[in-house]
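Following: one structure in structure tokens, then a few remarks.
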Amino acid sequence: MRIMKQKYSMPESAKWYKEQFKDWGWQKNLPGQHAQWMKEKAEKRKREEDKDTVFFYGGLRWDKTDAERSATRSKKVRSESEVIDVDTPGDILYHTPTDTALSPPNASSSVRPRKELKRKHVAKASSVFETLDTQSDSESDKEIEEAENLALSWQRLTRSKLAALFGSARTSVQLGDSEKAEEMFLTALKGHESVLGATHEDTLKVAFAFASFYVEQDKFTKADRIIEGVSRAHISKFAIVLQCGSDPMGLEIQGLQARTELLRLYNKFAHNASQSQEFWSAMQIAEAATSYPGITKWSKDCFKSFELMEALLGLTAAVLKGNFVIPAERLFKRIITKAENSFGWDDERTIWAKITVGIIYQRHKGWAFAEQWFKHALAASVAANGDEDGISRALYAALEKRHFSYLSDEGRPFKTIFGVCCI
12 MRIMKQKYSM PESAKWYKEQ FKDWGWQKNL PGQHAQWMKE KAEKRKREED
62 KDTVFFYGGL RWDKTDAERS ATRSKKVRSE SEVIDVDTPG DILYHTPTDT
112 ALSPPNASSS VRPRKELKRK HVAKASSVFE TLDTQSDSES DKEIEEAENL
162 ALSWQRLTRS KLAALFGSAR TSVQLGDSEK AEEMFLTALK GHESVLGATH
212 EDTLKVAFAF ASFYVEQDKF TKADRIIEGV SRAHISKFAI VLQCGSDPMG
262 LEIQGLQART ELLRLYNKFA HNASQSQEFW SAMQIAEAAT SYPGITKWSK
312 DCFKSFELME ALLGLTAAVL KGNFVIPAER LFKRIITKAE NSFGWDDERT
362 IWAKITVGII YQRHKGWAFA EQWFKHALAA SVAANGDEDG ISRALYAALE
412 KRHFSYLSDE GRPFKTIFGV CCI
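If you read the sequence shown in my numbering, its first letter stands for residue 12, the second for the next number, and so on.
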């Protein structure tokens with residue numbers, strides 16, 4: 012607890028940790044019914060398919076020995092007459108410990124004995140917080156829409172369980188269990204690709220961590236294979252850039268979104284000269300879209316105009332992150348000017364845009380760059396809604412604390428309406 016307090020400012024309270032473990036779904040001990048089910052399932056798979064089985068439940072890894080020990084202690088074991096071939100409980104994942112990902116009942120694989128590691132809740136808690144630290148503050152609407160169009164779970168793993176599994180893989184690396192880490196990384200990667208899509212930001216984090224793990228293990232061929240898979244997915248997805256170029260008016264928003272995703276990919280690496288040209292090309296397109304009247308005329312009564320402004324903000328954020336500071340500033344000013352002329356100086360969409368620009372600068376360049384945008388947003392918000400409006404109060408608090416956050420009570424209603432979906 013002392014380490015967690017020093018590193019993550021967590022309270023030194025055993026009661027607090029117990030409550031958090033409960034919220035996270037972690038289990039120190041197996042419930043009797045679950046233990047009995049695991050024991051019987053492991054025996055059945057060994058008998059019928061000659062496969063060893065490991066289980067993931069409550070944030071921990073359990074094997075047949077663990078299940079037998081818990082089942083023996085439990086007073087709620089089932090009678091011998093009950094049928095053991097039942098559906099897998101929704102909160103249990105099982106697979107065969109091999110070099111391939113999950114092993115469904117009809118898959119074949121070889122099994123090697125594994126050394127059991129001590130389970131440490133503190134290590135797992137640290138992993139969870141490290142994972143949270145690396146996650147971005149928000150996702151794009153395009154990514155969210157992509158996730159909604161895909162399955163909500165994969166092999167009974169929801170998005171939250173996949174994130175926990177990724178954290179457990181990183182913990183296994185720290186504990187020196189490379190075999191276990193490889194299994195979990197592979198499972199987490201395939202799950203993220205299925206649930207969120209191969210180009211989603213969270214999927215990329217898993218892929219890059221997995222590739223780094225292989226590099227540390229001197230398995231360069233496997234690391235290259237993962238990076239090649241990521242590259243193929245992006246090439247396949249963002250070929251839409253060429254399609255959008257053939258119909259710049261009808262596919263203007265999609266073209267901006269596709270270029271934004273491409274720039275984000277380049278930003279994950281040190282972009283070279285040829286890739287830098289993509290940034291300049293994207294800036295030229297954004298300048299054309301913000302000119303008067305532009306490819307598409309913005310209208311106060313047309314929601315597509317708001318979507319276009321949102322796409323332009325997202326693209327310019329990627330430009331700024333690519334360290335094109337002066338061109339990004341010029342683009343932001345052009346976007347806001349067009350929003351003021353099209354929607355109105357104190358329109359809620361214009362206020363939202365100014366706050367968004369402030370957040371982008373706050374995140375990538377610091378408060379000194381962000382402050383002026385929050386001041387502009389505050390002036391418009393007070394003029395439109397008064398001092399007591401939730402947005403106005405949130406902006407007042409931001410200027411006082413020198414940091415804007417949607418996590419305040421004042422800002423939450425605003426985020427509920429719009430969301431920060433382009434950064």
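Note that CB positions come from ideal geometry on N, CA and C, so glycine has one too.
Owing to the predicted nature of the structure, the values given are computational and were not obtained by experimental measurement.
Query, Result
"Residues near L389 by beta carbon distance below 6 Å, same chain, minus five either side", "L406"
"C-alpha distance - E127 paired with D77, whole-angstrom precision", "Note that E127 scores 38 on pLDDT, short of 50, meaning its location in the model is unreliable and no value can be drawn from it."
"DSSP state of T83 mapped onto helix, strand, coil", "helix"
"Nonlocal neighbours in the same chain, by C-beta distance under 6 Å from R123, ignoring five residues either side", "In this prediction, R123 has a pLDDT of 35, which is less than 50 and means its spatial position is unreliable; nothing more can be read from the coordinates."
"Euclidean distance between Cα positions of E351 and L163", "40 Å"
"Residue range of the alpha helix (DSSP H) that includes F177", "170 to 186"
"Whole-angstrom C-beta distance between V330 and L274, which should lie under 8 Å", "7 Å"
"Sheet register partners of D74 (DSSP bridge)", "V65"
"Alpha-carbon to alpha-carbon, K349 and D315", "Looking at the sequence itself, residue 315 is Lys, so the reference to Asp does not match. Each residue's Cα considered, the two are about 14 Å apart."
"For D357 and F219, the rounded distance between their alpha carbons", "43 Å"
"Opposing strand residues paired with W165 [DSSP bridges]", "L168"
"Straight-line Cα distance separating W48 from L215", "35 Å"
"Buried versus exposed call for I337 [16 or more other C-beta atoms within 10 Å across all chains shown]", "exposed"
"Three-way DSSP call (helix, strand, coil) for S334 in this model", "One point to set straight first is that residue 334 is Asn, not Ser, in the sequence displayed. Looking at N334 - three-state DSSP - the assignment turns out to be coil, as it is neither helix nor strand."
"Pairwise C-alpha distance: T182 and K290", "Residue 290 is actually Phe in this sequence, not Lys. Distance between the alpha carbons of F290 and T182: 37 Å."
"Buried or exposed by the 16-neighbour rule on C-beta atoms within 10 Å, applied to Q166", "buried"
"Three-state secondary structure (DSSP) of Q228", "coil"
"Chain-order list of residues whose beta-carbon lies under 6 Å from that of A158 (same chain, five-residue window excluded)", "Note that A158 scores 38 on pLDDT, short of 50, meaning its location in the model is unreliable and no value can be drawn from it."
"Classification of S403 by the beta-carbon crowding that lies within 10 angstroms, buried from 16 upward", "buried"
"Cα-Cα separation between S81 and K62, rounded to whole angstroms", "21 Å"
"Contact under 8 Å by Cβ, R270 with I237", "no"
"Contact under 8 Å by Cβ, Q324 with M294", "The sequence shown places Leu at residue 324, rather than the Gln named in the question. Taking 8 Å as the Cβ cut-off, L324 and M294 do not qualify as a contacting pair."
"Rounded straight-line distance, which links the Cα of I347 to that of K379", "Going by the sequence as given, residue 379 is Ala instead of Lys. Approximately 19 Å between the Cα atoms of the pair."
"Nearest-angstrom beta carbon gap, W384 and G369 [assumed within contact, 8 Å]", "4 Å"
"Alpha carbon of K55 to alpha carbon of H45, nearest angstrom", "15 Å"
"Bounding residues of the alpha helix (DSSP H) (the contiguous stretch that carries W356)", "Segment: none, W356 is in no alpha helix (DSSP H) and carries neither H nor E."
"Start-to-end residues for the alpha helix (DSSP H) that takes in G202", "189 to 206"
"First through last residue of the alpha helix (DSSP H) which encompasses L389", "378 to 396"
"Alpha-carbon to alpha-carbon, T169 and A192", "19 Å"
"Under the three-state DSSP convention, the category T214 falls into", "helix"
"Status (buried if at least 16 other CB within 10 Å, exposed otherwise) for Q373", "buried"
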